[in-house]
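Structure first, commentary second.
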Amino acid sequence: MIPESFIEEVLSRTDIVQVIGRYVKLQHKGSNWMACCPFHKEKTPSFAVNPSKQFFKCFGCGEHGTAITFLMKFKGLSFPEAIKELADDLGMEVPEDRQAKIRQARAKTLTDYLAQAADFYHQTLFHDRHAIEYLKGRGITEETVNKFQLGLSPDAWQGLEAIFKDKAYDDPKLEESGLVIAKDGHRYDRFRSRVMYPIRNPRGQVIGFGARTMAPGEEPKYLNSPETPVYHKSQELYGLYEARDAIHKKGRAIVCEGYMDVIQMSQGGFLETVAALGTSITPEHVKKLFQLSDHVYFSFDGDAAGFKAARRAMESTLSIITDTQTAHFVLLPQDEDPDSLIKSQGPEAFEAQLRSAFPLSKFFVMDIVREVSQGQGLRTAEERAQAVAIAKPLLQRMTAHALRQLLVQEFAAAVRMEPAEVASLCGVTLLDVPQTKPAKALSGYGRDTKQGERSKRPVRPVTTGPVFTNIKRRLLQCFVTHPSWLIKYSDQIEYEMLDTVDEWEEAIVRLWHLAQDHSKGEGFEESKLTTGYLLSFMQGDPLYNRLADLASEEEVLQTPEAVAEFEIKCAFLKLEKAQLDAQIAELLSMEERGEPVESQYLERLFKRRQDIHRSLIDESSQAVDFVLDSRLSG
Ligand SMILES: [Zn+2]
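Following the numbering used here, the numbering of the sequence shown begins with 294 at its first residue and continues without gaps.
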């Protein structure tokens with residue numbers, strides 16, 4: 294764990310122009326820096342880096358984010374890895390505890406050993422006619438052998454002694470790396486006479502091996518490195534390092550079942566292919582993939598094992614995917630794998646499979662129905678109930694609300710229920726269902742707690758609904774693009790939103806807390822509170838994508854600062870006015886029922902309402918008036 298204060302310091306000293314400039318040739322143009330986009334192919338620059346917001350955006354493909362997200366997407370790094378890289382560039386040393394240092398030093402020798410072994414296996418392959426014939430027989434070219442550094446482990450018990458001389462073969466670290474097995478006082482190579490597939494991490498270091506036998510009938514067919522301090526199979530994807538550039542360029546990632554699929558697909562032109570390593574797809578895998586691309590295709594063989602693997606991939610995807618991302622599922626025809634399909638019918642055949650792949654929502658419904666009814670379709674009420682029971686935990690783990698809504702709708706049609714019924718049975722809320730949070734206490738600049746106490750009754754939140762959603766969405770956008778206003782309009786936020794009534798207010802309050810925390814720090818300068826700085830602290834948060842999208846949209850809108858600030862002032866006035874209207878309506882109806890109402894208090898509310906009314910002169914405020922007036926009279 295990197296201490297939060299260190300992250301803060303790194304981010305406040307980071308300049309996005311310098312960070313991106315290391316990888317992309319930037320040219321100064323107006324207040325921005327421009328370049329040809331590294332995330333899509335183009336001839337004229339549409340990739341803009343905005344130093345004052347510390348935010349980048351491509352006007353061609355829409356890619357956008359902070360210095361951190363740039364490193365994560367461009368280099369496939371995790372958040373801590375990206376922070377480490379920024380710190381390295383600033384000449385700062387990440388303060389890690391002693392244990393982490395030891396772990397790192399040890400990992401360094403482990404990856405050194407593994408890299409040496411990979412080289413050795415690779416060389417060995419070229420001296421073995423049998424292995425070369427074997428690979429040729431499977432249609433693998435020399436170019437591919439070199440690209441993936443394929444190798445051969447010698448047919449010997451201590452083959453690695455050839456490179457680990459002078460007692461290095463006895464080094465316990467060699468055992469720790471998974472290359473050597475120690476048993477009953479003997480040491481011997483784990484991998485013998487197998488085709489070796491080095492597994493690399495996103496930084497390109499060899500961290501383990503997959504190994505396939507060449508002898509027909511020998512078990513196990515595949516042998517993998519064990520879990521080691523540097524290799525965790527639930528997190529690593531085979532081919533990710535090699536596929537990274539292609540994933541950026543093509544804007545999609547393809548996940549296949551095994552090493553051979555990745556290699557054959559790469560040869561067939563699908564360079565954007567990766568595979569899990571002898572395990573099913575985990576949420577960590579999916580997270581890594583979505584860091585690199587918003588569109589992921591999972592390809593599985595169309596047999597029972599393939600369906601099972603696809604279900605696991607779907608489960609892992611549901612908990613990670615956001616509303617702006619897509620996942621597709623390909624189930625190949627019976628008895629075909631990507632290799633056989635491409636060999637017999639060409640790459641077009643696989644491209645056609647991708648085009649007709651099931652989107653997540655369709656696959657979700659199909660797979661559950663298939664499980665319950667064994668392909669017969671849901672026939673009885675019991676089967677439909679069983680389907681709902683399977684769907685429930687899956688829907689509950691989702692954080693992408695719009696996508697979940699879509700899934701519920703598709704699923705409801707399949708089980709012949711209303712979406713609202715499915716939602717309530719599964720314990721999830723649909724987006725348009727009115728929320729039943731308690732209303733705010735009577736407020737307003739003429740706040741009167743005594744009267745407030747007396748008129749305490751459940752009032753529906755008055756600042757929800759489409760008009761207010763637009764207002765608050767815009768507020769959030771203005772705050773994301775001008776984070777220093779979170780401090781300037783602190784009173785209004787505290788007053789209007791602390792008792793949040795919807796997701797928009799929640800988002801604004803989250804940002805407000807974040808800005809508050811940072812502005813209290815010693816030596817805080819308001820100029821440091823940029824869009825990129827603030828967003829960097831939201832990395833990995835479900836809210837991140839929404840905020841980054843709003844910031845990206847604003848890069849197109851380019852609202853002048855004065856106009857944006859005017860919008861903020863108006864928005865708060867409109868929100869306050871809506872509260873006042875509700876209070877006034879409430880008091881008037883109390884009066885009608887003959888309940889005691891303090892007339893002075895009511896007058897103050899009217900007066901304040903009138904003041905606000907005068908201040909709101911633009912068209913949009915009249916539109917709000919119209920809606921509210923019709924609501925009050927109706
Ligand atoms: Zn682009």
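Ideal Cβ placement from N, Cα and C applies to all residues, glycine included. These numbers come from a predicted model, not from an experiment.
### Task
Could you check how far apart the C-beta atoms of Ala475 and Glu468 are, in whole angstroms? I think they sit under 8 angstroms.
The residue labelled residue 475 in the question sits at position 182 within the sequence shown. The residue labelled residue 468 in the question sits at position 175 within the sequence shown. About 5 angstroms separates the two Cβ atoms, so the contact holds.
### Task
Taking only the alpha-carbon atoms, compute the straight-line gap between Tyr278 and His525 and give it to the nearest angstrom.
In the structure displayed, the chain extends from 294 to 927; residue 278 sits before or after that span and is not available.
### Query
Assuming Leu472 and Arg483 make a contact with CB atoms under 8 angstroms, what is their CB distance in whole Å?
Here residue 472 refers to the residue found at position 179 of the sequence shown. Here residue 483 refers to the residue found at position 190 of the sequence shown. Rounded, the Cβ-Cβ distance is 6 angstroms, consistent with contact.
### Endpoints, alpha helix (DSSP H) assigned at Thr824
Locating residue 824 in the sequence shown gives position 531, where the first residue counts as 1. That run of the alpha helix (DSSP H) goes 824-829.
### Message
With a threshold of 8 angstroms on Cβ separation, who are the neighbours of Cys330 within its own chain once the five nearest residues in sequence on each side are excluded?
### Response
To locate residue 330, count along the sequence shown from 1; it is residue 37. Annotation for Cys330: Pro338, Ser339, Phe340, Cys351, Gly353, Cys354, Glu356 place their beta carbon closer than 8 angstroms to its own, counting only its chain and skipping 5 residues before and after.
### Query
Taking a cut-off of 6 angstroms, which residues have a beta-carbon closer than that to any heavy atom of ligand 1, in chain order?
Cβ atoms closer than 6 angstroms to ligand 1 belong to Cys330, Phe332, His333, Phe340, Cys351, Gly353, Cys354, Glu356.
### Task
Mark Asp448 as exposed unless 16 or more other C-beta atoms lie within 10 angstroms of its C-beta, in which case mark it buried.
On the sequence shown, position 155 is the one that residue 448 refers to. So Asp448 counts as exposed.
### Query
Within the chosen definition, does the segment 827-847 reach the segment 858-866 through at least 3 CB pairs nearer than 8 angstroms?
In short, these stretches do not touch, since the Cβ pair count stays below three.
### Closer than 8 angstroms: Met553 CB and nearest ligand 3 heavy atom
Among the ligands in the structure shown, ligand 3 does not appear; only ligand 1 can be found there.
### Query
With distances taken from CA atoms, which of Glu703, Lys581, Thr521, Gly562 is nearest Leu403?
By 1-based counting over the sequence shown, the position of residue 403 is 110. Just measuring C-alpha positions, the residue of Glu703, Lys581, Thr521, Gly562 sitting nearest Leu403 is Thr521.
### Query
Using the rule of at least 16 other Cβ atoms within 10 Å of the residue's Cβ for burial, across every protein chain shown, is Asp741 buried or exposed?
Within the sequence shown, residue 741 is the residue found at index 448, counting from 1. Residue confidence for Asp741 is low, a pLDDT of 38 falling below 50, so the modelled location carries little weight and cannot support an answer.
#### Entry: Per DSSP, the bridge partner or partners of Ser592
On the sequence shown, position 299 is the one that residue 592 refers to. In DSSP, Ser592 forms a bridge with Val623.
### Rounded C-alpha distance that separates Glu454 from Asp382
By 1-based counting over the sequence shown, the position of residue 454 is 161. By 1-based counting over the sequence shown, the position of residue 382 is 89. So the two alpha carbons sit approximately 39 angstroms from each other.
### Message
Looking only at its chain, what residues have a beta carbon closer than 8 angstroms to the beta carbon of Gln770, apart from the 5 residues adjacent to it on each side?
### Response
By 1-based counting over the sequence shown, the position of residue 770 is 477. Here the set comprises Leu843, Ala844, Glu846, Glu847.
### Query
Are there 16 or more other CB atoms within 10 angstroms of the CB of Arg907, so buried, or fewer, so exposed?
Sequence index remark: in the sequence shown, residue 907 carries index 614 (1-based). Within 10 angstroms of the beta-carbon of Arg907 lie fewer than 16 other beta-carbons, which makes it exposed.
### Query
Quick one: complete beta strand (DSSP E) runs, 3+ long, within the segment 555-590?
566-569, all fully within the segment 555-590.
### Message
Please return the same chain residues whose Cβ sits closer than 6 angstroms to the Cβ of Lys765, not counting the five positions on each side in sequence.
### Response
Sequence index remark: in the sequence shown, residue 765 carries index 472 (1-based). For Lys765, where only same-chain residues beyond five positions count, the Cβ hits under 6 angstroms are Trp797.
### Message
Which same chain residues end up closer than 8 angstroms to Phe413 when comparing Cβ atoms and leaving out the 5 residues on each side of it in sequence?
### Response
By 1-based counting over the sequence shown, the position of residue 413 is 120. Counting only Cβ-Cβ distances below 8 angstroms, and skipping sequence neighbours, we find Gly444, Leu453, Ala455, Ile456.
#### Entry: Spatial distance of Glu746 from Lys813 (CA atoms)
As a first step, residue 746 is located in the sequence shown; it is residue number 453 there, counting from the start. As a first step, residue 813 is located in the sequence shown; it is residue number 520 there, counting from the start. Since pLDDT at Glu746 reaches only 36, below the 50 mark, its modelled position is unreliable, and the value read off the structure follows with that caveat. In this structure, the CA atom of Glu746 is about 35 angstroms from the CA atom of Lys813.
### Message
Within the continuous beta strand (DSSP E) that includes Ile764, where are the two ends?
### Response
As a position in the sequence shown, residue 764 is number 471, starting the count at 1. Unbroken run through Ile764 is the alpha helix (DSSP H), 759-774; no beta strand (DSSP E).
### Task
Report the option in Arg480, Val589, Leu895 whose CA atom is closest to the CA atom of Lys934.
There is no way to answer for residue 934, as the model of the chain reaches only from 294 to 927.
### Task
Measure the Cβ-Cβ separation of Tyr515 and Gly571 and say whether it is below 9 angstroms.
For this step, residue 515 is matched to residue 222 along the sequence shown. For this step, residue 571 is matched to residue 278 along the sequence shown. In this structure, Gly571 lies closer than 9 angstroms to Tyr515 by Cβ.
### Task
Might you give, ordered along the chain, the residues of its own chain that have their beta carbon closer than 6 angstroms to the beta carbon of Pro576, omitting 5 neighbours on each side?
The sequence position of residue 576 within the sequence shown is 283, counting from 1. Same-chain partners within the cutoff: Ser609, Ser612, Ile613.
### Task
Pull up the CB-CB distance for Glu529 and Ala546, whole angstroms please, since I reckon it's below 8 angstroms.
If you number the sequence shown from 1, residue 529 lands on position 236. If you number the sequence shown from 1, residue 546 lands on position 253. Not quite, the Cβ-Cβ distance comes to about 15 angstroms (not below 8 angstroms), so this is no contact.
### Query
Among residues of its own chain, excluding the 5 on either side of Val658, which ones have a beta-carbon nearer than 6 angstroms to its beta-carbon?
Walking along the sequence shown from the start, residue 658 turns up at place 365. Shown here for Val658: same chain residues with a beta carbon closer than 6 angstroms to its own, the five before and five after excluded, namely Glu703, Phe704, Ala707 in chain order.
#### Entry: CA-to-CA distance, Lys401 to Ser470, given in whole angstroms
For this step, residue 470 is matched to residue 177 along the sequence shown. For this step, residue 401 is matched to residue 108 along the sequence shown. Each residue's alpha carbon lies about 11 angstroms from the other.
### Query
Skipping 5 residues on each side, what residues in its chain have a beta carbon closer than 7 angstroms to that of Gln416?
For the purposes of this step, residue 416 is taken as residue 123 along the sequence shown, with counting starting at 1. No residues qualify anywhere along the chain.
### Query
Exposed or buried, Trp450, counting other C-beta atoms within 10 Å across all chains shown (16 or more means buried)?
Residue numbering aside, residue 450 sits at position 157 when the sequence shown is read from its first letter. Exposed: under 16 other Cβ atoms inside 10 Å.
### Message
Within a Cβ cutoff of 7 angstroms, which residues of the same chain sit near Pro373, ignoring the five residues on either side of it in sequence?
### Response
Here the question's residue 373 lines up with position 80 in the sequence shown. Same-chain partners within the cutoff: Ile295.
#### Entry: Range covered by the beta strand (DSSP E) that runs through Ala341
Translated into positions along the sequence shown, residue 341 becomes position 48. Note, Ala341: beta strand (DSSP E), 340-343.
### Query
Where do the ends of the alpha helix (DSSP H) carrying His694 lie?
Looking up residue 694 in the sequence shown gives position 401. His694 -> alpha helix (DSSP H) spans 694-707.
### Task
Reducing DSSP to helix, strand and coil, say where Thr401 ends up.
Reading the sequence shown from its first residue, position 108 is the one you call residue 401. Position check: residue 401 holds Lys in this sequence, whereas Thr was assumed. Note: Lys401 maps to helix in three-state DSSP.
### Message
Can you tell me which residues form a DSSP beta bridge with Thr506?
### Response
In the sequence shown, the residue the question calls residue 506 occupies position 213. Beta-bridge annotation (DSSP): Thr506 is paired with Arg487.
#### Entry: Distance between Tyr894 and Gly739 (C-alpha atoms, nearest Å)
In the sequence shown, counting from the first residue as 1, residue 739 sits at position 446. In the sequence shown, counting from the first residue as 1, residue 894 sits at position 601. Because the pLDDT of Gly739 is 34, which lies under 50, any placement of that residue in the model is unreliable, and the number read from its coordinates should be weighed accordingly. Approximately 7 angstroms between the Cα atoms of the pair.
### Task
Rounded to whole angstroms, what's the CA-CA distance from Arg750 to Gln876? Just pull it up for me.
Translated into the one-based positions of the sequence shown, residue 750 becomes position 457. Translated into the one-based positions of the sequence shown, residue 876 becomes position 583. The predicted model places Arg750 with a pLDDT of 31, which falls under 50 and marks its position as unreliable, so this point remains unresolved.
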